[in-house]
Amino acid sequence: MMRKRRTAITITLFAACLLVWLPLLVMAAAVLMPEDELYWRYLSPLGLGQDRVRAALLPSYPSLDSLLELLVRSPGFFKMFWNSCIQVFPMLLGQLAAAAPAAWALAKFQFPGKRQLFGAYVVLMVLPFQVTQVSDYLVLDRLGILDSHLALIMPGIWSALPVYIMTKSFETVPEALVEAAYLDGAGELYAFFHIGVPLGYPGIATALMLSFVDRWNALEQPVTYLKDRTLWPVSLYLPDIARDKASVAFAAALITCLLPVLTYLNCQEELEQGVAASGVKQ
Amino acid sequence: MRRKIVPWLFLAPSLGGVILFTGLPFLDVVKRSFQDAMGTRFVGMDNYRAVLANSAFRLAAGNTVRFLAVCIPLLMTVSFTAALLISAGSNIGRESKGAADTGDRYSVFRTTLVLPMTIPAASMVLVWKILLCPDGVLNQFLSGASGRTWQVDWAFSRWAFPVLTATYLWKNTGYDMILWLAGLQGISGELYEAAKMDGAGVFARMWYITLPGLKGTFGLVGILSVVNSFRVYREAYLLAGSYPDASIYLIPHLFAHWFLDLDIQKMTAAAAMMTAIALILAVIMGMPGMKRRKR
Numbered sequence: 001m002m003r004k005r006r007t008a009i010t011i012t013l014f015a016a017c018l019l020v021w022l023p024l025l026v027m028a029a030a031v032l033m034p035e036d037e038l039y040w041r042y043l044s045p046l047g048l049g050q051d052r053v054r055a056a057l058l059p060s061y062p063s064l065d066s067l068l069e070l071l072v073r074s075p076g077f078f079k080m081f082w083n084s085c086i087q088v089f090p091m092l093l094g095q096l097a098a099a100a101p102a103a104w105a106l107a108k109f110q111f112p113g114k115r116q117l118f119g120a121y122v123v124l125m126v127l128p129f130q131v132t133q134v135s136d137y138l139v140l141d142r143l144g145i146l147d148s149h150l151a152l153i154m155p156g157i158w159s160a161l162p163v164y165i166m167t168k169s170f171e172t173v174p175e176a177l178v179e180a181a182y183l184d185g186a187g188e189l190y191a192f193f194h195i196g197v198p199l200g201y202p203g204i205a206t207a208l209m210l211s212f213v214d215r216w217n218a219l220e221q222p223v224t225y226l227k228d229r230t231l232w233p234v235s236l237y238l239p240d241i242a243r244d245k246a247s248v249a250f251a252a253a254l255i256t257c258l259l260p261v262l263t264y265l266n267c268q269e270e271l272e273q274g275v276a277a278s279g280v281k282q
Numbered sequence: 001m002r003r004k005i006v007p008w009l010f011l012a013p014s015l016g017g018v019i020l021f022t023g024l025p026f027l028d029v030v031k032r033s034f035q036d037a038m039g040t041r042f043v044g045m046d047n048y049r050a051v052l053a054n055s056a057f058r059l060a061a062g063n064t065v066r067f068l069a070v071c072i073p074l075l076m077t078v079s080f081t082a083a084l085l086i087s088a089g090s091n092i093g094r095e096s097k098g099a100a101d102t103g104d105r106y107s108v109f110r111t112t113l114v115l116p117m118t119i120p121a122a123s124m125v126l127v128w129k130i131l132l133c134p135d136g137v138l139n140q141f142l143s144g145a146s147g148r149t150w151q152v153d154w155a156f157s158r159w160a161f162p163v164l165t166a167t168y169l170w171k172n173t174g175y176d177m178i179l180w181l182a183g184l185q186g187i188s189g190e191l192y193e194a195a196k197m198d199g200a201g202v203f204a205r206m207w208y209i210t211l212p213g214l215k216g217t218f219g220l221v222g223i224l225s226v227v228n229s230f231r232v233y234r235e236a237y238l239l240a241g242s243y244p245d246a247s248i249y250l251i252p253h254l255f256a257h258w259f260l261d262l263d264i265q266k267m268t269a270a271a272a273m274m275t276a277i278a279l280i281l282a283v284i285m286g287m288p289g290m291k292r293r294k295r
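Same order as they appear, the protein sequences are chains A and B.
Residues 1 to 282 in my numbering are what the first sequence spells out, letter by letter.
Residues 1 to 295 in my numbering are what the second sequence spells out, letter by letter.
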């Protein structure tokens with residue numbers, strides 16, 4: 001009876017996972033297709049004409065043409081990939097520097113106004129990006145950094161979600177450890193760097209990873225802030241792809257998602273712990 | 001005395017940035033929402049009246065509320081089911097085979113279900129088009145199954161709403177599932193054992209132990225689902241462009257159009273209103289996620 005139930009559960013979950021695996025397989029297969037096969041199968045989805053879709057989970061014969069074409073002969077893609085790196089990684093560093101200490105204070109100190117302050121971060125976090133974007137736009141305009149990489153880096157640093165996630169994670173750090181460190185004469189910075197950071201590490205990693213995924217995927221911000229198309233990030237390569245480059249679209253889709261996916265597979269454990277901490281009410 | 005200033009020193013970088021980049025400009029937003037286009041003359045509530053009377057705003061606000069009302073309960077149910085299945089599956093495994101081989105199979109499922117969250121919307125759009133375009137797989141399947149020809153343009157018709165819902169579920173189920181799993185783990189196994197001894201069935205255990213034990217998780221999952229829900233604009237935009245079917249014309253579409261026209265008055269008034277609504281909701285819900293007890 002137990003065994004039967006377990007089999008039923010496994011089958012259900014397997015079916016759910018197929019919904020994830022199949023689309024990814026379709027994408028992977030399309031990356032390996034030579035140009036003529038791509039046009040034969042996917043003319044309509046690529047926006048090149050009207051023809052029956054002939055979906056496949058394997059290419060008729062594998063070819064690296066479209067990957068090579070994208071990586072070796074598409075300087076535009078390379079430039080946009082590099083733009084993404086410039087816009088995302090400094091922003092993550094900034095987030096780390098600003099959010100981690102703030103979260104430590106919210107999690108481990110008692111001070112008047114703390115509840116309201118944390119509530120304010122939660123409200124900021126829930127507001128749709130488009131609402132805070134109006135404020136951001138006014139500041140960027142005043143600072144004269146619209147149409148530069150800074151326009152994407154600066155507002156991102158002050159995002160409220162990382163503060164929330166890190167706070168929840170720091171709250172799981174045992175109070176006794178912190179107290180013991182103080183008794184041993186540890187200073188505030190020592191307690192933060194040697195107890196908070198190592199023990200709250202899953203939350204820090206999670207917050208940065210979620211920000212990374214979100215910003216690597218940025219769409220609204222660059223479209224609104226960057227009139228100069230040479231600054232556009234890689235997330236806008238596919239939406240804006242030229243007709244004669246359509247054959248590399250799937251390769252671009254794969255390369256674009258490679259970095260976030262590999263990061264996730266590498267830091268999976270931290271991510272699960274970090275997200276889990278933010279779901280526990282303490 | 002020294003201790004009192006310490007938390008504020010830790011908070012300073014973040015707070016300073018938030019005040020400079022969000023707080024002060026927001027005051028500017030509020031000020032401008034009461035002014036005319038040139039920012040010279042106060043016009044009272046005119047901008048607010050203009051926004052509320054704007055038919056595009058009414059459409060977008062209604063659709064956004066509808067989207068949240070449909071998608072969030074749906075997402076919470078689906079992810080909760082997935083979490084229950086995974087936790088039940090690995091518990092049975094632990095009872096019947098010992099701890100050794102339990103995790104493995106189920107951790108593959110967990111990894112898989114979380115994976116979509118990390119994949120950029122732009123990467124998946126081509127695959128969704130293969131499935132959903134008029135010549136696509138879904139229509140072929142339905143034609144084959146029903147015997148008549150299907151030529152629905154799923155992303156551009158009244159079906160756009162369910163399509164968007166599906167992409168939202170595809171992307172966010174894993175995240176919520178981890179939250180639920182954390183909540184489930186917090187419930188003591190002894191409670192279930194005791195209930196079983198007393199003859200409580202599966203549903204009784206669910207109703208009297210599992211659900212009450214997840215009370216705290218419930219609100220947090222809801223909030224984090226709302227946070228993720230506004231990102232669905234990316235899928236909507238990439239699949240259906242900036243003028244989609246009326247059923248999925250959401251607040252972000254509207255703001256994108258106002259931004260193109262630089263309609264500062266409407267934008268500021270709408271932003272101020274939405275912030276006010278969020279604040280009111282936050283106060284009503286009593287700042288969820290915050291510790292209440294004093295230490």
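Beta carbons are placed, not taken as given, at the ideal position from N, Cα and C, and that holds for glycine.
Since the structure is predicted, the reported quantities are computational estimates derived from the model, not experimental observations.
**Study point:** Complete runs of the alpha helix (DSSP H) confined to the segment 3-70 of chain B [at least 4 residues]
**Key:** Entirely contained in the segment 3-70 of chain B, the alpha helix (DSSP H) runs reaching 4 residues are, in chain order, 24-33 and 46-53.
**Study point:** Between the CA atoms of K31 (chain B) and S90 (chain B) - distance to the nearest angstrom
**Key:** C-alpha of S90 (chain B) to C-alpha of K31 (chain B): approximately 56 Å in a straight line.
Review point. Cβ atoms of A105 (chain A) and P7 (chain B): under 8 Å apart, would you say?
Key: yes
Exercise for review: Taking only beta-carbon positions, decide if I251 (chain B) is within less than 8 Å of chain A.
Suggested key: yes
Exercise for review: Could you work out which residues of chain B lie near G279 (chain A), taking near to mean beta carbons separated by less than 8 Å?
Suggested key: I178, L179, W180, A182, G183, T217, L220, V221 and L224
Review point. Nearest CA to the CA of G174 (chain B): which residue from B:K4, B:V43 and B:F80?
Key: B:F80
Check your understanding: Looking at C-beta atoms only, is the number of pairs between the segment 248-267 of chain B and the segment 152-162 of chain A that lie closer than 8 Å three or more?
Key -> no
**Study point:** Residues of the segment 211-231 of chain A whose Cβ lies closer than 8 Å to any Cβ of chain B, in chain order
**Key:** V213, D214, W216, N217, L219, E220, V223 and T224
**Study point:** For V29 (chain B) and T268 (chain B), believed in contact at Cβ under 8 Å, the rounded distance
**Key:** 5 Å
Check your understanding: So, is Y237 (chain A) buried or exposed, given that buried needs 16 or more other C-beta atoms within 10 angstroms?
Key -> buried
Review point. Looking at the unbroken alpha helix (DSSP H) that takes in Q273 (chain A), where does it start and where does it end?
Key: Element bounds for Q273 (chain A): Q268 to S278.
Check your understanding: Could you check where the alpha helix (DSSP H) with L57 (chain A) kicks off and where it finishes?
Key -> That residue, L57 (chain A), is in no alpha helix (DSSP H); it is neither H nor E in DSSP.
Practice item. For V127 (chain B), return the contacting residues in chain A, with the cut-off set at a CB-CB distance below 7 Å. Key: By Cβ distance, chain A contributes P23, V26 and M27.
Point to revise | Distance, G203 (chain A) Cα to L177 (chain A) Cα | key: A direct Cα-to-Cα measurement between L177 (chain A) and G203 (chain A) gives close to 18 Å.
Check your understanding: What residues in its chain sit with their C-beta under 6 Å from that of L38 (chain A), if we drop five residues either side in the sequence?
Key -> S247
Review point. How long is the line joining the alpha carbons of R295 (chain B) and L117 (chain A), rounded to whole angstroms?
Key: Its pLDDT being 38, under 50, R295 (chain B) is placed unreliably by the model, and nothing is read from it.
Point to revise | Proximity test, Cβ basis, 8 Å: T167 (chain B) and chain A | key: Answer no: the Cβ-Cβ gap between T167 (chain B) and chain A never drops below 8 Å.
Exercise for review: Any chance you could list the alpha helix (DSSP H) runs of at least 4 consecutive residues sitting entirely within the segment 124-208 of chain B, in chain order?
Suggested key: 137-146, 160-185, 189-197 and 202-205
Point to revise | Whole-angstrom C-beta distance between I9 (chain A) and A88 (chain B), which should lie under 8 Å | key: With a Cβ gap of about 6 Å, A88 (chain B) and I9 (chain A) count as contacting.
Check your understanding: Does the segment 55-64 of chain A come close enough to the segment 211-222 of chain A to have 3 or more Cβ pairs within less than 8 Å?
Key -> no
Check your understanding: Looking at the structure shown, is N217 (chain A) part of a helix, part of a strand, or coil, going by DSSP?
Key -> coil
Point to revise | Minimum length 4: unbroken alpha helix (DSSP H) runs contained in the segment 189-266 of chain A | key: 201-216, 220-225 and 249-266
Point to revise | chain B contact for T172 (chain A) (CB, 8 Å cutoff) | key: No, T172 (chain A) lies away from the interface with chain B (no Cβ there is under 8 Å from its Cβ).
Review point. Of all the CB atoms in chain B, is at least one closer than 8 Å to the CB of P291 (chain A)?
Key: Examination of residue 291 (chain A) is not possible in this model, given that chain A is present from 1 through 282 alone.
Exercise for review: Verify whether the separation of the beta carbon atoms of D36 (chain A) and L43 (chain A) is less than 8 Å.
Suggested key: no
Review point. Measuring CA to CA, which of B:L281, B:Y249, B:M274 and B:F10 is closest to F111 (chain A)?
Key: B:F10
Check your understanding: Touch check for the segment 136-155 of chain B and the segment 45-59 of chain B: three-plus C-beta pairs under 8 Å?
Key -> no
Check your understanding: Start and end of the alpha helix (DSSP H) containing Q50 (chain A)?
Key -> Segment: none, Q50 (chain A) is in no alpha helix (DSSP H) and carries neither H nor E.
Point to revise | Residues near R292 (chain B) in its chain [Cβ-Cβ closer than 7 Å; skip 5 each side] | key: Confidence in R292 (chain B) is poor, its pLDDT being 48 and thus under 50, which makes the residue's placement unreliable; the coordinate value appears in the next sentence. Once the five neighbours on either side are set aside, R292 (chain B) has no close Cβ partner at all.
Check your understanding: If you draw a straight line from the alpha carbon of D198 (chain B) to that of Y192 (chain B), how long is it in whole angstroms?
Key -> 10 Å
Exercise for review: Grab me the residues of T64 (chain B)'s own chain with a C-beta within less than 8 Å of its C-beta, minus the 5 sequence neighbours each way, in chain order.
Suggested key: L250 and I251
Exercise for review: Out of A:C267, A:P155 and A:Y182, point me to the one whose CA is closest to L208 (chain A)'s CA.
Suggested key: A:C267
Practice item. Could you spell out the range, first to last residue, of the alpha helix (DSSP H) harbouring W21 (chain A)? Key: Its alpha helix (DSSP H) spans residues M2 to V31.
Check your understanding: Is the beta carbon of M154 (chain A) sitting closer than 8 Å to the one on F21 (chain B)?
Key -> yes
Exercise for review: Indicate whether at least one CB of chain B lies closer than 8 Å to the CB of Y42 (chain A).
Suggested key: yes
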